[in-house]
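Trainee:
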Amino acid sequence: MNKLTVSLALYSKGEAKYLPYLFDSLKKQTFQDWELLIVDNAADGDVISVAEGFAKEMGRSYRILHSDTNEGFAKAHNKAYRVSDAAYFLMLNPDMYLEPTVFADMVSFLDEQKDVASVAPRLMRWDFAQVDASAKKQQERDVAAKAGYTRDIDAIGVRLFRNRRAVEWLAQYTWEEASASTDVQRLYEKTYVEVFGVSGALAMFRKKMIDTLLLPEDAIFDPTYGSYKEDLDLAYRMRNAGFTSYVLLKSVAYHDRTGAAPKKHTDVAAIKNKRRQSPYIRFHSYKNHLRTLYKNEYWQNVLRDLPFIFWYEAKKFGFILFTDPRTIFLGWFEILKHVGYTRRARKAIVKSRKMYWKGLRRWF
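When we follow full-length UniProt numbering, the leftmost residue of the sequence shown carries the number 1, and every step to the right adds one.
(1) Identify which residue in Tyr294, Ala166, Val131 has its Cα closest to the Cα of Leu336.
(2) So who's on the other strand from Glu35, going by DSSP bridges?
(3) Would you say Phe109 and Leu248 are within 8 Å of each other, going by their C-beta atoms?
(4) In whole angstroms, what is the alpha-carbon distance linking Ala51 and Met91?
(5) Please confirm whether any heavy atom of the ligand MN lies closer than 7 Å to the CB of Lys3.
(6) Is His255 helix, strand or coil by DSSP?
(7) Under 8 Å Cβ to Cβ from Ser67, same chain only, skipping five residues before and after it: list those, please.
(8) Please classify Leu306 as buried or exposed, where buried requires at least 16 neighbouring CB atoms within 10 angstroms.
(9) Does DSSP put Ile64 in a helix, in a strand, or in coil?
(10) Look at the Cβ atom of Ala55, then the Cβ atom of Leu36, and state whether they are nearer than 8 Å.
(11) Mark Tyr280 as exposed unless 16 or more other C-beta atoms lie within 10 angstroms of its C-beta, in which case mark it buried.
(12) Can you have a look at Ser199 and say buried or exposed, based on whether 16 or more other CB atoms are within 10 angstroms of its CB?
(13) I need the straight-line Cα distance from Asp324 to Gln32, nearest angstrom please.
(14) Indicate whether Glu99 and Val252 have their beta-carbon atoms separated by less than 8 Å.
(15) For a quick check, are the C-beta atoms of Leu215 and Ala345 less than 8 Å apart?
(16) Using CA coordinates, which residue listed in Val143, Gly148, Pro121 is at the minimum distance from Ala129?
(17) Near Gln300, which residues of its chain fall below 7 Å by C-beta distance, leaving aside the five closest residues on each side in sequence?
(18) Taking the alpha carbon of Arg165 as the point to measure from, which residue in Glu313, Ser352, Ala348 has its own alpha carbon closest?
(19) Identify which residue in Leu202, Arg186, Leu65 has its Cα closest to the Cα of Pro94.
(20) If you draw a straight line from the C-alpha of Asp211 to the C-alpha of Gly59, how long is it?
(21) Relative to the alpha-carbon of Val107, which residue among Val302, Phe310, Tyr246, Gly340 has its alpha-carbon at the smallest distance?
(22) Considering only the alpha carbon of each residue, which of Ile48, Val131, Tyr62 lies closest to Asp256?
(23) What do you get for Thr292, buried or exposed, if any count of 16 or more other CB atoms within 10 angstroms of its CB means buried?
(24) Look at the alpha carbon of Ala135 and the alpha carbon of Ala144, and state the distance between them as a whole number of angstroms.
(25) Which residue's Cα is closest to the Cα of Asp218: Lys315, Tyr236, Ser84?
(26) Leaving out five residues before and five after Glu334 in sequence, what residues of the same chain have Cβ atoms less than 7 Å from its Cβ?
(27) Under a three-way DSSP split, which group does Asn301 fall into?
(28) Pick from Ser352, Arg361, Glu177, Lys347: whose alpha carbon is nearest that of Val302?
(29) Tell me, to the nearest whole angstrom, how far the beta carbon of Ala241 is from that of Arg326; I am working on the premise that it is less than 8 Å.
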């Protein structure tokens, strides 16, 4: 039995450009006791055959799990999670380049910290345009990959505000001792930091703990979500159960995020971010955020923060209704369509709770 399962879900031919670099970084990992599960989410083009070619070249144990339709992020990783028999389960986006010790750092941390449920490296922005430019000069693969390194943070876990807005913490701030962010200054010399939850782009989970939090149909992620907010939902469930999550600040992976999180958290910044989002992202993000709150929140916390939550949701509702009413109507259609599963999921979450409601307040 491998100690670690790495789940890589692929959807489209556009992801093929990342695979030479992703697999180059996987091949160089100092920790080698892992199996790769490639989830073919009805990917178009030749991206699956390209991935399989690199997997063979890497010489690692791998399996391919096929789907006839694109079932989204949640169902893809649910499928991989069910067949994994490893102690640790890692989700990995294809648009990544990992430093060689990332796997080793995360496995060692979970081995040593038996009460920790999930861990992630510090995610930094990867400028893939620079990678392409370097590759055209016939640079070596690792040299080209490093040409895209930046000092800008992609994410250090998930942060929640009192209005329950969830953001990628410290996104777009520069990782340096003299950063404009006092939080970055505080974290710069630290080895790790506890966070509300880890980003779903690259995260490792202790399967023994997560198995106690599975939703109906033995799902690590809500299968009705499709995509987006799954990591927030799981973070809530882990917190409700009294489990902890950490980001390793000296362990680094680089991420070419499609839609970068806003640096500022003002209403103006939120509006600009919503305008940049595709209708697909707005739709899934809107409906899944509401369902995440319904399933996971304690009524005492909602009551305390109701003015903040209501005002934030009212502003968001008004903006989307005015600019993209289709998202509102389709979103609520989906919410009502899956209300049965959502209720069953909430019952399962309430049953798995170990945390008193006041224990969550430090995160808002």
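Every residue gets a Cβ at the ideal spot worked out from N, C-alpha and C, and that includes glycine.
Mentor: A quick look at the data gives this:
(1) Looking up residue 336 in the sequence shown gives position 336. The candidate whose alpha carbon is nearest that of Leu336 is Tyr294.
(2) Within the sequence shown, the letter at position 35 stands for residue 35. According to DSSP, which records beta bridges pairwise, Glu35 is partnered with Thr5.
(3) To locate residue 109, count along the sequence shown from 1; it is residue 109. To locate residue 248, count along the sequence shown from 1; it is residue 248. Between Phe109 and Leu248, the CB-CB gap stays under 8 Å.
(4) For the purposes of this step, residue 51 is taken as residue 51 along the sequence shown, with counting starting at 1. For the purposes of this step, residue 91 is taken as residue 91 along the sequence shown, with counting starting at 1. Computed Cα separation, rounded: 16 Å.
(5) The model depicted lacks the ligand MN and carries no ligand whatsoever.
(6) The residue you call residue 255 lines up with position 255 of the sequence shown. Correct three-state label for His255: strand.
(7) One-based indexing of the sequence shown puts residue 67 at position 67. Cβ-Cβ distances below 8 Å link Ser67 to Val39, Asp40, Asn41, Ala42, Lys75, Ala76, Lys79 in the same chain, with the five nearest sequence neighbours on each side left out; the list follows chain order.
(8) On the sequence shown, position 306 is the one that residue 306 refers to. Leu306 should be labelled exposed.
(9) In the sequence shown, counting from the first residue as 1, residue 64 sits at position 64. Under the three-state reduction of DSSP output, Ile64 falls in the strand class.
(10) Within the sequence shown, the letter at position 55 stands for residue 55. Within the sequence shown, the letter at position 36 stands for residue 36. Yes, the pair counts as a contact, with Cβ atoms nearer than the cut-off.
(11) Here residue 280 is taken as the residue at index 280 of the sequence shown, counted from 1. Counting every other CB atom within 10 Å of its CB across the protein chains shown gives Tyr280 a total below 16, marking it as exposed.
(12) Start at 1 with the first residue of the sequence shown, and residue 199 comes out as number 199. Counting the other CB atoms within 10 Å of its CB gives Ser199 a total of 16 or more, which places it among the buried residues.
(13) Within the sequence shown, numbered from 1, the residue matching residue 324 stands at position 324. Within the sequence shown, numbered from 1, the residue matching residue 32 stands at position 32. Rounded to whole angstroms, Asp324 to Gln32 spans 47 Å at the Cα level.
(14) Within the sequence shown, the letter at position 99 stands for residue 99. Within the sequence shown, the letter at position 252 stands for residue 252. Yes, the pair counts as a contact, with Cβ atoms nearer than the cut-off.
(15) As a working mapping, residue 215 is identified with position 215 in the sequence shown. As a working mapping, residue 345 is identified with position 345 in the sequence shown. Pairing Leu215 with Ala345 gives a Cβ-Cβ distance under 8 Å.
(16) The residue given as residue 129 occupies position 129 in the sequence shown. Checked all of Val143, Gly148, Pro121; the closest Cα to Ala129 is Gly148.
(17) Position 300 of the sequence shown, counting from 1, holds the residue named residue 300. Correct list, in chain order: Trp357.
(18) Sequence index remark: in the sequence shown, residue 165 carries index 165 (1-based). When the alpha-carbon of Arg165 is set against those of Glu313, Ser352, Ala348, the nearest one is in Glu313.
(19) As a first step, residue 94 must be located in the sequence shown, where it is residue number 94. Checking every option, the nearest Cα to that of Pro94 belongs to Leu202.
(20) Position 211 of the sequence shown, counted from the start, is the residue given in the question as residue 211. Position 59 of the sequence shown, counted from the start, is the residue given in the question as residue 59. As the crow flies, the alpha-carbon of Asp211 is around 30 Å from that of Gly59.
(21) Position 107 of the sequence shown holds residue 107. With distances taken between Cα atoms, Val107 lies closest to Tyr246.
(22) By 1-based counting over the sequence shown, the position of residue 256 is 256. Checked all of Ile48, Val131, Tyr62; the closest Cα to Asp256 is Val131.
(23) As a working mapping, residue 292 is identified with position 292 in the sequence shown. Thr292 sits buried, since 16 or more C-beta atoms from the chains shown fall within 10 Å of its C-beta.
(24) Taking the sequence shown and counting its residues from 1, one reaches residue 135 at position 135. Taking the sequence shown and counting its residues from 1, one reaches residue 144 at position 144. Those two C-alpha atoms are separated by around 5 Å.
(25) Position 218 of the sequence shown holds residue 218. If you compare the alpha carbons of Lys315, Tyr236, Ser84 with that of Asp218, the shortest gap goes to Ser84.
(26) Reading the sequence shown from its first residue, position 334 is the one you call residue 334. The answer, listed in chain order, is Lys287.
(27) Position 301 of the sequence shown, counted from the first residue, corresponds to residue 301. Reduced to three states, the DSSP call for Asn301 is helix.
(28) To locate residue 302, count along the sequence shown from 1; it is residue 302. Out of Ser352, Arg361, Glu177, Lys347, Arg361 has the C-alpha closest to the C-alpha of Val302.
(29) Your numbering for residue 241 matches position 241 in the sequence shown. Your numbering for residue 326 matches position 326 in the sequence shown. The C-beta distance from Ala241 to Arg326 rounds to 37 Å, too long to fall under 8 Å, and the pair is not in contact.
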